[in-house]
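In this note's numbering, the protein residues as written are 409 to 660.
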Amino acid sequence: MYQYIEFFGHKTGMFSVCIGIALFTCVILLFRQLKKLSVSPDMENLVMQSVPFTFISGVAGGYFLDLLLRGGIEALFINPAGYGLTFYGWLIGTMIFLLFYAHCQHISKSFLMNLFLPAFALAQAIGRIGCFLGGCCYGRPAAWGGVSYPAGSLPYIHFGSTPLVPVQLYESAYLIIIFLLLFFAVRFKKRGAWYLILMPSGRFFLEFLRADDRGFVLDNRFSPSQYISCVLFICGIIWLARIKLRRNYCNE
409 MYQYIEFFGH KTGMFSVCIG IALFTCVILL FRQLKKLSVS PDMENLVMQS VPFTFISGVA
469 GGYFLDLLLR GGIEALFINP AGYGLTFYGW LIGTMIFLLF YAHCQHISKS FLMNLFLPAF
529 ALAQAIGRIG CFLGGCCYGR PAAWGGVSYP AGSLPYIHFG STPLVPVQLY ESAYLIIIFL
589 LLFFAVRFKK RGAWYLILMP SGRFFLEFLR ADDRGFVLDN RFSPSQYISC VLFICGIIWL
649 ARIKLRRNYC NE
């Protein structure tokens, strides 16, 4: 594990570096897709103007979901600095903003979702590598193929040198496969729906391999991310069904 990297004598966490690379990659993918779709310059400007606000909304969503799940609303007034980010909070925050932005700018909501969500798959894959290097989102003790974390890291505090399942890398590999499928095997108008079907499906099962503190919802049987995965999966199914129903209606 390589937790830090030095830039001009200043130590920076590899998680932060990977997040920066992920967001930059996401912007490049969005720009390339807009060029490939041959949208008007005005539409291109509207989409690119939304990018920084989309990411800011994601950070806010990621922070508040982590705070609510692990500390409760009272933590906002007691220890607001003691929490990080959750991907699902980030995703929900970005989706809420994109729907609001599309409504205000009179842009197709499905167009924005089909544009942004597949790019998130690759960004999330890079981010998960950052999780692995930084020592967060770690897995359970492994019977084989595990990874031992160095002294001082969060996994070491809880498990010592016990080899743990590299669940972050498993999820990263799965997300790269999703990204490739969405961009090379799925039509543009269905990409958002399939992202909401494929990504949560894998996340639901990978959650069983994790051992880090993720808060709780209702009981300790399933993690908050598994409940959210089910909701997003259902949303993806409904969206895909609506696309097929609309196509059948147009063919009549």
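Quick reminder that beta carbons are idealized off the backbone N, C-alpha and C, glycines included.
field: Sub-8 Å separation of Ser633 and Arg611 beta-carbons
entry: Between Ser633 and Arg611, the gap from beta carbon to beta carbon is short of 8 Å.
- prompt: First and last residue of the beta strand (DSSP E) that includes Tyr412?
  reply: Where Tyr412 is concerned, the enclosing beta strand (DSSP E) stretches over 412-415.
task: Take Cys426 as the anchor and find which of Ile636, Gly542, Gly554 has the nearest alpha-carbon.
output: Here the closest residue by C-alpha is Gly542.
Reduced DSSP category for Ala431 - H, G, I as helix; E, B as strand; rest coil: Residue identity differs from the one stated: residue 431 is Leu in this sequence, not Ala. Helix.
query: With 16 other CB atoms within 10 Å as the buried threshold, where does Arg618 fall?
result: Residue environment analysis places Arg618 among the buried positions, since at least 16 neighbouring C-beta atoms fall within 10 angstroms of its C-beta.
message: DSSP three-state label for Pro460, please.
response: Helix, per DSSP.
task: State yes or no: is the C-beta of Tyr557 within less than 8 Å of the C-beta of Pro563?
output: Yes, they are a contact pair.
query: Cα-Cα, which of Phe495, Ala559, Gly554, Arg536 is closest to Gly568?
result: Checked all of Phe495, Ala559, Gly554, Arg536; the closest Cα to Gly568 is Ala559.
query: If you draw a straight line from the C-alpha of Leu606 to the C-alpha of Phe641, how long is it?
result: Answer to the nearest angstrom: the Cα atoms are 8 Å apart.
task: Just confirm the distance between the C-beta atoms of Gln532 and Phe591, as a whole number of angstroms; I'd bet it's less than 8 Å.
output: Actually they do not touch by this definition, with Cβ atoms about 14 Å apart.
Selection from Arg655, Arg595, Arg536 that minimises the alpha carbon distance to Leu614: Closest option to Leu614, Cα to Cα, is Arg536.
message: Residues in the same chain with beta-carbon distance under 6 Å from Pro608, minus the five sequence neighbours each way, listed in chain order, please.
response: Scanning its chain for C-beta atoms nearer than 6 Å, with the 5 sequence neighbours on each side dropped, one finds around Pro608 the residues Ser637, Leu640, Phe641, in chain order.
query: For His418, does the three-state DSSP call read helix, strand or coil?
result: Here DSSP, grouped into helix, strand and coil, assigns His418 to strand.
field: Rounded C-alpha distance that separates Ile597 from Lys443
entry: The residue you asked about is not Ile; residue 597 is Lys in the sequence shown. Rounded to whole angstroms, Lys597 to Lys443 spans 16 Å at the Cα level.
- prompt: So is Pro449 buried or exposed if we call it buried at 16+ other beta carbons inside 10 Å?
  reply: Looking at its Cβ environment, which holds fewer than 16 other Cβ atoms inside 10 Å, Pro449 is exposed.
message: Please identify the residue among Leu475, Thr462, Ser458 whose C-alpha is closest to the C-alpha of Asp621.
response: That would be Leu475, whose Cα lies nearest to the Cα of Asp621.
- prompt: Closest to Leu499 by CA distance: which of His511, Ser516, Gly538, Leu525 is it?
  reply: The option with the nearest alpha carbon to Leu499 is Leu525.
field: Member of Gly501, Phe472, Thr502 whose CA lies at the smallest distance from the CA of Gly492
entry: Closest option to Gly492, Cα to Cα, is Phe472.
field: Beta-bridge partners of Leu572, as assigned by DSSP
entry: In the DSSP output, where bridge partners are listed per residue, Leu572 has Pro549, Val555.
Inter-residue spacing [alpha-carbon to alpha-carbon] between Thr570 and Arg440: One C-alpha to the other measures close to 44 Å.
- prompt: If we ignore side chains and look at the alpha-carbon of each, how far apart do Ser517 and Val555 end up?
  reply: According to the sequence displayed, residue 517 carries Lys and not Ser. Going by the C-alpha atoms only, they are around 42 Å apart.
- prompt: So, helix, strand or coil for Arg650, using DSSP?
  reply: Three-state DSSP puts Arg650 in a helix.
Boundaries of the alpha helix (DSSP H) in which Ile504 is found, first to last residue: Ile504 -> alpha helix (DSSP H) spans 495-513.
- prompt: Going by beta carbon distance, what residues of the same chain come within less than 7 Å of Val573, once the five residues before and after it are set aside?
  reply: Around Val573, the same chain offers Gly547, Arg548, Ala550, Gly554, Leu617 as residues with beta carbons nearer than 7 Å, after the five sequence neighbours per side are excluded.
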